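A.B. asks:
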Amino acid sequence: MACAAWLQPLSSSHALFPTLCRQPTFPAIFHRLTRFSSTVRLVSTMNRSTPVHAQAKRGFSVKEDEVATAADVEFETPLKIVEYPDPILRAKNKRIDSFDEKLKILVDEMFDIMYKTDGIGLSAPQVGINVQLMVFNPVGERGEGEEIVLVNPRVSRYSQKTRPFNEGCLSFPGIYADVVRPESVKIDARDINGARFTVNLSGLPARVFQHEFDHLQGILFFDRMSEGVLETVCAQLQALEKKYEDKTGLPSPERIQTRKRMKAATGFGKS
Ligand SMILES: [Zn+2]
């Protein structure tokens with residue numbers, strides 16, 4: 006199984022997280038978010054600590070958030086995955102304040118394509134809809150694990166402790182590389198019905214959340230790779246840029262080759 010949005014084969018995550026426990030991971034509030042009530046699996050945490058290399062934050066400030074209109078959540082089915090370097094992945098994502106039937110249908114469609122593409126998480130911009138919405142299920146199988154829907158999420162706290170994990174992304178087919186992230190986060194969000202809640206995540210759910218949360222800020226996983234790791238996927242990124250140019254007839258809106266990496270701009274700051 007590929008991980009969310011990405012992620013890499015589950016066998017690899019087993020290697021990194023050798024103890025896959027059947028313990029409740031999410032507080033009660035999360036159970037109300039799910040469509041399927043079933044066992045939640047928690048990935049154990051490791052005691053590997055690496056420093057947070059930057060504190061500044063790239064992305065869009067909360068103050069700039071605009072509210073999505075009905076036109077912003079228009080979509081056609083089946084949904085299609087948007088691939089790098091489509092500028093949709095860098096566009097601003099608007100806040101949702103209409104929790105209607107249309108939003109529920111969109112969420113259903115997002116889960117559908119997530120499972121079909123072997124993902125464990127998916128953000129709305131990845132299906133061409135620039136709004137603050139993500140879905141995930143760390144187990145990645147329909148009817149198993151727990152389906153999580155987060156609307157307008159914000160991070161109120163990141164753990165000091167970080168760890169590397171081999172990530173993939175549905176918008177970067179075939180590309181997998183290590184990304185270092187805080188191992189736990191505290192988040193505020195709304196559920197599919199608009200109810201506010203706060204929750205702490207750690208282990209794989211925290212990893213998936215952070216990857217998807219980055220998408221909502223226009224940040225892509227290679228933005229967070231070290232120079233050395235980025236080098237290992239550079240040719241693959243360039244191949245995607247060429248694929249985009251061949252398909253659209255347009256120049257790639259960004260190029261990994263010429264991009265000046267903005268390390269200070271990809272740290273972990275509160276949103
Ligand atoms: Zn992704």
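My numbering applies: residue 6 is where the sequence shown begins, and numbers increase by one.
Ideal Cβ placement from N, Cα and C applies to all residues, glycine included.
Values in this document were obtained by computation on a predicted structure and should not be read as measured data.
So is D91 buried or exposed if we call it buried at 16+ other beta carbons inside 10 Å?
C.D. replies: For this step, residue 91 is matched to residue 86 along the sequence shown. Per the 10 Å Cβ criterion, buried.
A.B. asks: If you count every other CB in all the chains shown that lies within 10 Å of the CB of P83, and 16 or more means buried, which is it?
C.D. replies: Numbered from its first residue, the sequence shown carries residue 83 at position 78. The residue in question, P83, is exposed, as its Cβ has fewer than 16 Cβ neighbours within 10 Å.
A.B. asks: Going by DSSP, which residues form a beta bridge with S128?
C.D. replies: Taking the sequence shown and counting its residues from 1, the one referred to as residue 128 is at position 123. BP columns for S128 point to M139.
A.B. asks: Does the distance between the C-beta of Q262 and the nearest non-hydrogen atom of ligand 1 fall short of 7 Å?
C.D. replies: Working through the sequence shown from its first residue, we reach residue 262 at position 257. No.
A.B. asks: Closer than 8 Å is the cut-off here; do at least three beta carbon pairs connect the stretch 155-172 with the stretch 115-124?
C.D. replies: The answer is no - the stretch 115-124 does not touch the stretch 155-172, with fewer than three Cβ pairs under 8 Å.
A.B. asks: Cutting at 6 Å between CB atoms, please list the residues of its own chain near Y249, excluding the five before and the five after it.
C.D. replies: Taking the sequence shown and counting its residues from 1, the one referred to as residue 249 is at position 244. Counting only Cβ-Cβ distances below 6 Å, and skipping sequence neighbours, we find P90 and S257.
A.B. asks: Between the stretch 129-143 and the stretch 228-244, are three or more C-beta pairs nearer than 8 Å?
C.D. replies: Judged by Cβ distances under 8 Å, the stretch 129-143 makes no contact with the stretch 228-244, as fewer than three pairs qualify.
A.B. asks: Consider the C-beta atom of L175 and the heavy atoms of ligand 1; say whether any pair is separated by less than 7 Å.
C.D. replies: Locating residue 175 in the sequence shown gives position 170, where the first residue counts as 1. True, at least one ligand heavy atom lies under 7 Å from that Cβ.
A.B. asks: Does S204 come out as helix, strand or coil in the three-state DSSP assignment?
C.D. replies: As a position in the sequence shown, residue 204 is number 199, starting the count at 1. Looking at the sequence itself, residue 204 is Val, so the reference to Ser does not match. Residue state, collapsed to three classes: strand.
A.B. asks: Residues in the same chain with beta-carbon distance under 6 Å from P169, minus the five sequence neighbours each way, listed in chain order, please.
C.D. replies: Taking the first residue of the sequence shown as position 1, residue 169 is located at position 164. D183 and V185.
A.B. asks: Which word fits E246, buried or exposed, when buried means at least 16 other C-beta atoms lie within 10 angstroms of its C-beta?
C.D. replies: In the sequence shown, counting from the first residue as 1, residue 246 sits at position 241. Classification of E246: buried, given that the 10 Å Cβ count is 16 or more.
A.B. asks: Under the criterion of a Cβ to heavy atom distance below 7 Å, does Q131 qualify as lining ligand 1?
C.D. replies: For the purposes of this step, residue 131 is taken as residue 126 along the sequence shown, with counting starting at 1. Checking the Cβ of Q131 against ligand 1 gives yes.
A.B. asks: Taking 8 Å as the cut-off, decide whether the C-beta atoms of L221 and S128 are in contact.
C.D. replies: By one-based count along the sequence shown, residue 221 stands at place 216. By one-based count along the sequence shown, residue 128 stands at place 123. Cβ distance < 8 Å, so L221 and S128 count as in contact.
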